[in-house]
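Those sequence lines, one after another, are chains A and B.
In our numbering, each residue carries its 1-based index in the first sequence increased by 446.
In our numbering, each residue carries its 1-based index in the second sequence increased by 107.
All C-beta atoms, glycine included, are put in the ideal place defined by N, C-alpha and C.
Report on one structure; see the data block that follows.
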Amino acid sequence: GAVVSQHPSWVICKSGTSVKIECRSLDFQATTMFWYRQFPKQSLMLMATSNEGSKATYEQGVEKDKFLINHASLTLSTLTVTSAHPEDSSFYICSARQLGLDTQYFGPGTRLTVL
Amino acid sequence: GIQVEQSPPDLILQEGANSTLRCNFSDSVNNLQWFHQNPWGQLINLFYIPSGTKQNGRLSATTVATERYSLLYISSSQTTDSGVYFCAAFNFGNEKLTFGTGTRLTIIP
Chain A
447 GAVVSQHPSW VICKSGTSVK IECRSLDFQA TTMFWYRQFP KQSLMLMATS NEGSKATYEQ
507 GVEKDKFLIN HASLTLSTLT VTSAHPEDSS FYICSARQLG LDTQYFGPGT RLTVL
Chain B
108 GIQVEQSPPD LILQEGANST LRCNFSDSVN NLQWFHQNPW GQLINLFYIP SGTKQNGRLS
168 ATTVATERYS LLYISSSQTT DSGVYFCAAF NFGNEKLTFG TGTRLTIIP
């Protein structure tokens with residue numbers, strides 16, 4: 447149980463294009479989802495927290511107009527990187543949490559490369 | 108916010124050796140988790156351990172919440188144990204999971 451999937455697992459795009467990453471909780475309802483970014487050989491840094499049906503809360507220094515997050519249902523959250531640039535190349539990981547629990551379950555990650 | 112430091116940053120051991128990884132956190136936490144990140148990037152939950160000691164096969168973990176540290180023990184290391192180990196602290200106050208700096212473990216045959 448408690449499986450989280452991400453799609454795509456990797457994506458390569460040209461500078462200036464937008465990329466959408468999906469995060470799904472497969473066997474539970476996720477009232478809260480989280481998006482993290484991990485640069486090579488570094489730790490995970492929280493980008494934003496999203497609750498189903500409400501606007502995402504972004505961490506300091508994360509541009510909300512660049513990283514659009516939508517949590518439209520209890521099983522799906524999406525992260526759209528708009529007008530991607532090479533410096534946005536990173537490993538993006540989502541996690542999901544059930545209502546009332548503090549354990550987060552992590553997706554397998556999406557590796558984004560912007561040329 | 109909470110600061111989470113891990114040591115050592117890198118550890119290279121021969122197969123069969125035992126190891127201890129440490130996680131220090133700067134403030135009181137409501138939960139402490141240990142993860143193994145495999146070479147493909149997948150984070151695998153190892154332990155959910157806000158306090159006390161837990162064991163799972165060759166792995167065990169101890170958290171001493173009053174002294175703000177946690178330890179992960181790996182016994183009889185195997186090459187498949189290689190990867191990065193992260194601890195992460197959760198605080199109900201800000202509802203965030205803060206990851207530590209990580210320990211990169213390499214087990215050589």
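Item to complete: Using a Cβ-Cβ cut-off of 7 Å, state whether A/Gln550 counts as contacting chain B.
Response: Judged by the 7 Å Cβ criterion, A/Gln550 is in contact with chain B.
Discussion item. Looking at the secondary structure, which residues open and close the beta strand (DSSP E) in which A/Ser562 lies?
Written reply: Residue 562 of chain A lies beyond the stretch modelled for chain A, which goes from 447 to 561, so this question has no answer here.
Discussion item. Counting only Cβ-Cβ distances shorter than 9 Å, please list the residues of the region 126–142 of chain B near chain A, keeping chain order.
Written reply: Residues Asn137, Asn138, Gln140 and Phe142.
Discussion item. Can you tell me where the beta strand (DSSP E) holding B/Ile109 begins and where it ends?
Written reply: Here B/Ile109 belongs to no beta strand (DSSP E), and DSSP marks it neither H nor E.
Worksheet item: Does any residue of chain A bring its CB to less than 7 Å from the CB of B/Leu192?
Response: The question names Leu, yet the displayed sequence has Tyr at residue 192 of chain B. Look at B/Tyr192: its C-beta is not under 7 Å from any C-beta on chain A.
Worksheet entry | At least three beta-carbon pairs within less than 8 Å, the region 183–202 of chain B to the region 529–538 of chain A | Contact between the region 183–202 of chain B and the region 529–538 of chain A is absent: fewer than 3 CB-CB pairs across the two stretches fall below 8 Å.
Discussion item. Could you check whether the Cβ of A/Phe537 sits closer than 7 Å to any Cβ belonging to chain B?
Written reply: With respect to chain B, the C-beta atom of A/Phe537 has a partner C-beta closer than 7 Å.
Fill in: Selection of the region 486–499 of chain A by Cβ proximity to chain B, strictly under 9 Å
The residues in question are Lys487, Gln488, Ser489, Leu490, Met491, Leu492 and Thr495.
Discussion item. Please state whether the Cβ-Cβ distance between B/Leu166 and B/Ile156 is less than 7 Å.
Written reply: The answer is no: Cβ separation not under 7 Å.
Worksheet entry | Beta-carbon neighbours of B/Gly209, restricted to chain A and to distances below 7 Å | The contacting residues are Ser489.
Worksheet item: The beta strand (DSSP E) spanning A/Gln452 covers which residue range?
Response: Secondary structure note for A/Gln452: its beta strand (DSSP E) is the uninterrupted segment Val450 to His453.
Discussion item. Can you list, in chain order, the residues of its chain with a C-beta nearer than 7 Å to that of B/Ile109? Leave out the 5 residues immediately preceding and following it.
Written reply: Only Phe132, Ser133, Asp134, Val136, Ala196, Asn198 and Thr205 meet the Cβ criterion.
Fill in: Cβ-based contacts, 8 Å cut-off: residues of the region 142–174 of chain B near chain A
If you check each beta-carbon in the region 142–174 of chain B against every beta-carbon of chain A, the ones closer than 8 Å belong to Phe142, Trp147, Gly148, Gln149, Leu150, Asn152 and Tyr155.
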